[in-house]
Amino acid sequence: MSKDYLLEIGTEEMPARFIPATLNELGIKAKELFKIEMLTYRGIKTYGTPRRLALQVKGLEGFQKDYQEEIKGPPHRIAYDDSGNPTKAALGFARKQGIDVKDLESVDIDGTTYVYAIHKKKGEPVEKVLPRILPDLIKSLEFAKPMRWGDKETRFVRPIRWIVSVYDSEIIHFTYAGVEAGNLTKGHRFLANKEVEVTNASRYLEILESRKVIVDQDKRRELVWQGIEELASKNKGLVKDDKDLLEEVNYLLEYPTAICGDFDEEYLKLPEEVLVTSMREHQKYFPIYNDEGRMLPKFITVRNGMGDPMGIVRQGNERVLQARLADADFFYSEDLKSSLSSRVNHLKNVVFQEGLGSVFDKCQRLQNMITFISETFDMDRAFMEDARRAAYLCKADLTTNMVIEFPELQGLMGYYYARHSGERESVSRAIKEHYMPRFSEDKLPASDVGKLLSMVDKLDNIIGCFSLGIQPTGSQDPYALRRQALGFCKLILDFNKNLSFEDMWKHSYMEFSDNVELELTWEDVNKPLSEFFHQRVVNVLEDEGYRHDIIQAAMSVGWGDLVDLRKRVKALKEFEKNRSFNVLLTGFNRASNLSQGYRGDEIRKDLLVEDSEKELYNSFIEVDGLTEEMLRTGDYLGALRRIADLSRPIDNFFDDVMIMVKDEKIRNNRLALLKAISSLMSSIGDLSKIMS
Amino acid sequence: MYFQEIILELSKFWAEQGCVILQPHDIEIGAGTMNPATFLRVLGPEPWNAAYVEPSKRPADGRYGDNPNRLQQHYQFQVILKPSPDRVQDLYLQSLQRIGINLQEHDIRFVEDNWESPTLGAWGLGWEVWLDGMEITQFTYFQQCGGFDCKPVSAEITYGLERIASSIQKKESVYDIQWAPKISYGDIHHLTEVEYSIYNFETAATDMLFDLFNMYEKECLHISGRGLVHPAYDYCLKCSHTFNLLEARGAISVTERTSYITRVRHLAHLCAKNYIKTKEEQV
Numbered sequence: 001m002s003k004d005y006l007l008e009i010g011t012e013e014m015p016a017r018f019i020p021a022t023l024n025e026l027g028i029k030a031k032e033l034f035k036i037e038m039l040t041y042r043g044i045k046t047y048g049t050p051r052r053l054a055l056q057v058k059g060l061e062g063f064q065k066d067y068q069e070e071i072k073g074p075p076h077r078i079a080y081d082d083s084g085n086p087t088k089a090a091l092g093f094a095r096k097q098g099i100d101v102k103d104l105e106s107v108d109i110d111g112t113t114y115v116y117a118i119h120k121k122k123g124e125p126v127e128k129v130l131p132r133i134l135p136d137l138i139k140s141l142e143f144a145k146p147m148r149w150g151d152k153e154t155r156f157v158r159p160i161r162w163i164v165s166v167y168d169s170e171i172i173h174f175t176y177a178g179v180e181a182g183n184l185t186k187g188h189r190f191l192a193n194k195e196v197e198v199t200n201a202s203r204y205l206e207i208l209e210s211r212k213v214i215v216d217q218d219k220r221r222e223l224v225w226q227g228i229e230e231l232a233s234k235n236k237g238l239v240k241d242d243k244d245l246l247e248e249v250n251y252l253l254e255y256p257t258a259i260c261g262d263f264d265e266e267y268l269k270l271p272e273e274v275l276v277t278s279m280r281e282h283q284k285y286f287p288i289y290n291d292e293g294r295m296l297p298k299f300i301t302v303r304n305g306m307g308d309p310m311g312i313v314r315q316g317n318e319r320v321l322q323a324r325l326a327d328a329d330f331f332y333s334e335d336l337k338s339s340l341s342s343r344v345n346h347l348k349n350v351v352f353q354e355g356l357g358s359v360f361d362k363c364q365r366l367q368n369m370i371t372f373i374s375e376t377f378d379m380d381r382a383f384m385e386d387a388r389r390a391a392y393l394c395k396a397d398l399t400t401n402m403v404i405e406f407p408e409l410q411g412l413m414g415y416y417y418a419r420h421s422g423e424r425e426s427v428s429r430a431i432k433e434h435y436m437p438r439f440s441e442d443k444l445p446a447s448d449v450g451k452l453l454s455m456v457d458k459l460d461n462i463i464g465c466f467s468l469g470i471q472p473t474g475s476q477d478p479y480a481l482r483r484q485a486l487g488f489c490k491l492i493l494d495f496n497k498n499l500s501f502e503d504m505w506k507h508s509y510m511e512f513s514d515n516v517e518l519e520l521t522w523e524d525v526n527k528p529l530s531e532f533f534h535q536r537v538v539n540v541l542e543d544e545g546y547r548h549d550i551i552q553a554a555m556s557v558g559w560g561d562l563v564d565l566r567k568r569v570k571a572l573k574e575f576e577k578n579r580s581f582n583v584l585l586t587g588f589n590r591a592s593n594l595s596q597g598y599r600g601d602e603i604r605k606d607l608l609v610e611d612s613e614k615e616l617y618n619s620f621i622e623v624d625g626l627t628e629e630m631l632r633t634g635d636y637l638g639a640l641r642r643i644a645d646l647s648r649p650i651d652n653f654f655d656d657v658m659i660m661v662k663d664e665k666i667r668n669n670r671l672a673l674l675k676a677i678s679s680l681m682s683s684i685g686d687l688s689k690i691m692s
Numbered sequence: 001m002y003f004q005e006i007i008l009e010l011s012k013f014w015a016e017q018g019c020v021i022l023q024p025h026d027i028e029i030g031a032g033t034m035n036p037a038t039f040l041r042v043l044g045p046e047p048w049n050a051a052y053v054e055p056s057k058r059p060a061d062g063r064y065g066d067n068p069n070r071l072q073q074h075y076q077f078q079v080i081l082k083p084s085p086d087r088v089q090d091l092y093l094q095s096l097q098r099i100g101i102n103l104q105e106h107d108i109r110f111v112e113d114n115w116e117s118p119t120l121g122a123w124g125l126g127w128e129v130w131l132d133g134m135e136i137t138q139f140t141y142f143q144q145c146g147g148f149d150c151k152p153v154s155a156e157i158t159y160g161l162e163r164i165a166s167s168i169q170k171k172e173s174v175y176d177i178q179w180a181p182k183i184s185y186g187d188i189h190h191l192t193e194v195e196y197s198i199y200n201f202e203t204a205a206t207d208m209l210f211d212l213f214n215m216y217e218k219e220c221l222h223i224s225g226r227g228l229v230h231p232a233y234d235y236c237l238k239c240s241h242t243f244n245l246l247e248a249r250g251a252i253s254v255t256e257r258t259s260y261i262t263r264v265r266h267l268a269h270l271c272a273k274n275y276i277k278t279k280e281e282q283v
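Structure follows, in structure tokens:
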């Protein structure tokens, strides 16, 4: 009959957001530790609520596996004399290992035979092993924000108040953080606030369930969701799938009961996002909708407890939401009293970044950058005017009551207020969209004006930080510059217009340096910026599915124009599948290896001697002429195909012509030809970097 | 239960748990944490258990008495337990029962909330406690104060008295809370809210306040130099409140804001440092 082991770490309420990852970590680390200790079991499960982390080991064998410890001794030829008798060396080794010299064994290792002492070890019982390793297991759990409590030095996510450690029905004793492990757990804080004995590790879930704790998170999550859906349909409404909120709610309780409350219908006139934010972000409520997708004046909250026969919990929550919505309503109507454009001046008092002026200044810069990029992109005047207007207004909502109260609504409130102030739809939309993409999987803005505004906003943030010497290091990126740079690159690719990184960076830097005193010069900023963007460009192209070596090949001959770079990467990817690629690669490698060190570049026709040499020269002149236009217009695949025509003449050349001849003029002429050819071949990418 | 009964019951409850019952500090402060009975006493190794009401002044939060939930001065009931006892959550929940909150009928949650005060160089981890969705208490394990590690760790429990009273009395507006028989919160505080809002937002003489800030700062540094911790800390508190007034008045630009905060934090750090030193010398 197999026995189970249970470890339960009882804590004060842990932050919901950390629990799922911690349960995962607990399982993984337990498996690693059990493996090292040669403990065998059938399966490991972890369970958690706000007040407990549990590890249940099913079918844990009572002993470690028996094992052998093999200790290497001297080589056989030294351990035994010619007649096969043990020498002093062998006797000494055996004595030291505490075994009879007759029991030494011989093992062949890479052709040499050594003597070995083999110790057969009995596996220890779990009662001895577990107390040794469990404190390490708990200690090994890592938290983003650990804390100390009382007079203890131990750190954990919240104070540890009890520990259950039971193998079958026996306590496995150990002490951690001053808490002695036992077999007493606690029931629900309010429904069964008494200690209860875990009589057997295998009965953990049912014992807690009888004390009103649903410790299995999957089962609890189902109960939560079921309760919400039933209640919604009872109220003739629907809830939208919301995995994140469901997960958070699931780790805020041990025993769920869904409760439906009402709010004043008049608040439905507020923008829906405002209602959702008030309910979801602040109160963890689920909004409900009718079958046309319109919000109902109701909400669902899930309490940690049973029922609400007197409606006390419902009324309390209604009062809280009512107050929040009354505030929101007040802010909204106050905000509507002044036009969005009249707020722009207030931005002079909002600091953008210490040392970089106000947000008002920022909006000025954004407008200038829009003019610069619109001209480069050859956008029409109306587009540019819309984008400039949007840039002028895009941060004005930071001074509204609504955004001060609900910062996550920035951009969105700007959209509503811009529309209300009679701004053009394209301007209002751009204001709404310009923070996108907000996270790595987020969509890009849908409108072109929004895209351009988002681009210059991100660029301004990045260049601003770099101008102050603030750059991401390791895991530290407090201003999310990496994400913003990725978004910026994606937006350029989406526009699909040629634009020089360096021109943009420098232009943006000048926008700062023209107005504020900067300690770092453009040269100081350029280098780290370039290194930073290099990696983002690699990432964005990898995200598009291109291979790392092909990206590297294309980037090593230049990456200053992202759209051009992508064209070259794409051409290389296509061309790499072509059969002539390998032939070309061989020729290229030979040509570039030989001519690498040569400095001259003059090719004189009168110095061409051999036929293959003349043929190669003529082919080169022809291909060079043909590809010039192709390279200029970005027909890189076409150019690569033409260049591949040089393979045969190159092969012939190498077969027939001796390059390093004594006559210096002829030798140099040949090197110059090879150099010209290899540089033509490198105009799209450094082919030698591609791993075929 | 009347507002004053909540204060009385909480005081009795915590006195029974061994806390000394103190009175508010006699200088305007923004939160019970800033009272020297918390800010200084959580430093160093000596045990300390205290409870007191603290009128907490936040000039920028005033709403001329128009808003049902926002006030430029509200009352906190502050408990500080050093070192934090193992049963601290249970004690807190018992205190709620003591003021008539039935733990089964209500929904009570401990929701992650990490507290940080840049001005005090202090931070801690803990929760906001929800009563049927309403935040009624801040519960914090002090990790650092004045820039120094707290050893041992203190537990700080800060009850929002208006929130609790409006929940118990089921009032939509703080002004309707019954303070005592026949006298409401509004009877006592509506006029003060109106007047202070006008003063904080419109009337306060900013030139004078800027001068005062500089004078208070200078005095704090001067007194600190003499090793007198408590008088110096009082001037640090005066600086903090003066800064809050200037901010409410819109007299401090955002660029200046950070440097004012840094100046106050420097004073707080200095007081914390001197306190630890003085205590060590006493031993």
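Keeping their order, the protein sequence lines are chains A and B.
Counting in the numbering used here, the first sequence runs from 1 upward without gaps.
Counting in the numbering used here, the second sequence runs from 1 upward without gaps.
The C-beta atom is built at its ideal place from N, Cα and C for all residues, glycine as well.
What did DSSP end up calling ILE21(B) once you bin it into helix, strand or coil?
-> Here residue 21(B) refers to the residue found at position 21 when the second sequence is read from its first residue. Note: ILE21(B) maps to strand in three-state DSSP.
Residue burial classification, THR473(A) (beta-carbon count within 10 angstroms, cutoff 16) | Here residue 473(A) refers to the residue found at position 473 when the first sequence is read from its first residue. Counting Cβ neighbours within 10 Å, THR473(A) comes out exposed, since fewer than 16 surround it.
Pull up the distance between the alpha-carbon of VAL403(A) and that of SER454(A), whole angstroms please.
-> Taking the first sequence and counting its residues from 1, the one referred to as residue 403(A) is at position 403. Taking the first sequence and counting its residues from 1, the one referred to as residue 454(A) is at position 454. Going from the Cα of VAL403(A) to the Cα of SER454(A) covers about 19 Å.
The beta strand (DSSP E) spanning TYR167(A) covers which residue range?
-> As a working note, residue 167(A) is residue 167 in the first sequence. Counting along the chain, the beta strand (DSSP E) containing TYR167(A) begins and ends at 160-167.
What are the complete alpha helix (DSSP H) segments, minimum 4 residues, inside the segment 597-638 of chain A?
-> 611-633
Would you list the residues sitting across from ILE259(A) in a DSSP beta bridge?
-> If you number the first sequence from 1, residue 259(A) lands on position 259. Paired residues: THR301(A).
When the Cα of LEU518(A) is compared with those of MET369(A), LYS443(A), GLU354(A), which residue comes out closest?
-> Position 518 of the first sequence, counting from 1, holds the residue named residue 518(A). With distances taken between Cα atoms, LEU518(A) lies closest to GLU354(A).
Quick one: which chain A residues come within Cβ less than 8 Å of GLN143(B)?
-> Start at 1 with the first residue of the second sequence, and residue 143(B) comes out as number 143. Near GLN143(B) (Cβ distances below 8 Å), the residues of chain A are MET147, ARG148.
With DSSP run on the structure shown, which of helix, strand or coil describes GLN68(A)?
-> Residue numbering aside, residue 68(A) sits at position 68 when the first sequence is read from its first letter. Correct three-state label for GLN68(A): strand.
On the three-state DSSP scale, how would you describe SER513(A)?
-> The residue labelled residue 513(A) in the question sits at position 513 within the first sequence. In the structure shown, SER513(A) sits in a helix (DSSP, three-state: H, G or I).
Identify every residue that forms a DSSP beta bridge with ARG284(B).
-> Since the first residue shown for chain B is 1 and the last is 283, residue 284(B) is missing from the structure and cannot be characterised.
Are SER11(B) and GLY32(B) closer than 8 Å when you measure CB to CB?
-> Here residue 11(B) corresponds to residue number 11 of the second sequence, with the count starting at 1. Here residue 32(B) corresponds to residue number 32 of the second sequence, with the count starting at 1. It is not a contact, given that the beta carbons lie outside the stated cut-off.
Quick one: measure Cβ to Cβ for LEU39(A) and VAL129(A), integer angstroms, because I've assumed they're closer than 8 Å.
-> Against the first sequence, residue 39(A) aligns to sequence position 39. Against the first sequence, residue 129(A) aligns to sequence position 129. Sure, about 7 Å apart at Cβ, within 8 Å.
Which of helix, strand or coil does DSSP assign to CYS145(B)?
-> By 1-based counting over the second sequence, the position of residue 145(B) is 145. Correct three-state label for CYS145(B): strand.
Which residue's Cα is closest to the Cα of TRP162(A): VAL198(A), GLU69(A), SER169(A), LYS145(A)?
-> For the purposes of this step, residue 162(A) is identified with residue 162 of the first sequence, where counting begins at 1. Among VAL198(A), GLU69(A), SER169(A), LYS145(A), the Cα nearest to that of TRP162(A) belongs to VAL198(A).
Is LYS458(A) buried or exposed, if buried means 16 or more other CB atoms sit within 10 Å of its CB?
-> Along the first sequence, read from residue 1 onward, the residue named residue 458(A) stands at position 458. The residue in question, LYS458(A), is buried, as its Cβ has 16 or more Cβ neighbours within 10 Å.
So, do the segment 670-678 of chain A and the segment 598-612 of chain A have three or more beta carbon pairs nearer to each other than 8 Å?
-> yes
Residues near ASP66(A) by beta carbon distance below 8 Å, same chain, minus five either side = As a first step, residue 66(A) is located in the first sequence; it is residue number 66 there, counting from the start. For ASP66(A), where only same-chain residues beyond five positions count, the Cβ hits under 8 Å are LYS120, LYS121, LYS122, GLY123.
So, helix, strand or coil for SER678(A), using DSSP?
-> Mapped onto the first sequence, residue 678(A) falls at position 678. DSSP places SER678(A) in helix when its eight states are reduced to three.
Within the chosen definition, does the segment 236-256 of chain A reach the segment 208-215 of chain A through at least 3 CB pairs nearer than 8 Å?
-> yes
Can you find at least 3 beta carbon pairs, one from the segment 165-179 of chain B and one from the segment 36-45 of chain B, that sit closer than 8 Å?
-> no
Please report the residue range of the beta strand (DSSP E) in which PRO36(B) lies.
-> Position 36 of the second sequence, counted from the start, is the residue given in the question as residue 36(B). Premise fails: PRO36(B) lies in the alpha helix (DSSP H), 36-39, not in any beta strand (DSSP E).
Beta-carbon gap between LEU23(A) and LEU53(A) smaller than 8 Å | Translated into the one-based positions of the first sequence, residue 23(A) becomes position 23. Translated into the one-based positions of the first sequence, residue 53(A) becomes position 53. The answer is yes: Cβ separation under 8 Å.
Does the segment 391-410 of chain A touch the segment 535-553 of chain A, meaning 3 or more C-beta pairs lie closer than 8 Å?
-> no
Listing by chain order, which chain B residues have their CB less than 8 Å from the CB of GLY694(A)?
-> There is no way to answer for residue 694(A), as the model of chain A reaches only from 1 to 692.
Apart from the five residues just before and just after TRP179(B), which ones in its own chain have a Cβ nearer than 8 Å to its Cβ?
-> Translated into positions along the second sequence, residue 179(B) becomes position 179. Closer than 8 Å at Cβ, skipping near neighbours: TYR2, PHE3, GLN4, TYR185, ASP187, ILE188.
Secondary structure at ASP503(A), three-state DSSP: helix, strand or coil?
-> On the first sequence, residue 503(A) is found 503 positions in, with the first residue counted as 1. In the structure shown, ASP503(A) sits in a helix (DSSP, three-state: H, G or I).
Between CYS260(A), ALA485(A), GLU8(A), which lies nearest to LEU231(A) when the distance is taken from Cα to Cα?
-> Residue mapping note: residue 231(A) aligns to position 231 of the first sequence, counting from 1. Ranking CYS260(A), ALA485(A), GLU8(A) by Cα distance to LEU231(A) puts CYS260(A) first.
So what's MET279(A) in DSSP terms, helix, strand or just coil?
-> Residue 279(A) sits at position 279 when you count from the first residue of the first sequence. Helix, per DSSP.
Should VAL563(A) and ASN496(A) be called a contact, given that it needs their Cβ atoms to be closer than 8 Å?
-> Here residue 563(A) refers to the residue found at position 563 when the first sequence is read from its first residue. Here residue 496(A) refers to the residue found at position 496 when the first sequence is read from its first residue. In contact: VAL563(A) and ASN496(A) (Cβ atoms closer than 8 Å).
Would you identify the three-state DSSP class for GLU135(B), choosing helix, strand or coil?
-> For the purposes of this step, residue 135(B) is taken as residue 135 along the second sequence, with counting starting at 1. Strand, per DSSP.
Should GLY237(A) go down as buried or exposed, given a rule of 16 or more other Cβ atoms within 10 Å for buried?
-> In the first sequence, the residue the question calls residue 237(A) occupies position 237. Under this definition GLY237(A) is a buried residue.
Can you tell me which of the three DSSP states GLY98(A) falls into?
-> As a working note, residue 98(A) is residue 98 in the first sequence. Three-state DSSP puts GLY98(A) in coil, outside helix and strand.
Show which residues of chain B have a CB atom less than 9 Å away from the CB atom of ILE312(A).
-> What you label residue 312(A) is simply residue 312 of the first sequence in a count that begins at 1. Chain B residues near ILE312(A): ASN102, GLU105, HIS106, ASP107, ASP132.
VAL320(A): contacting residues in chain B (beta-carbon distance under 8 Å) = As a position in the first sequence, residue 320(A) is number 320, starting the count at 1. The contacting residues are ASP132, GLY133, MET134.
Between which two residues does the beta strand (DSSP E) containing VAL115(A) stretch?
-> Within the first sequence, numbered from 1, the residue matching residue 115(A) stands at position 115. Looking at the DSSP string, the run of the beta strand (DSSP E) that includes VAL115(A) is 112-121.
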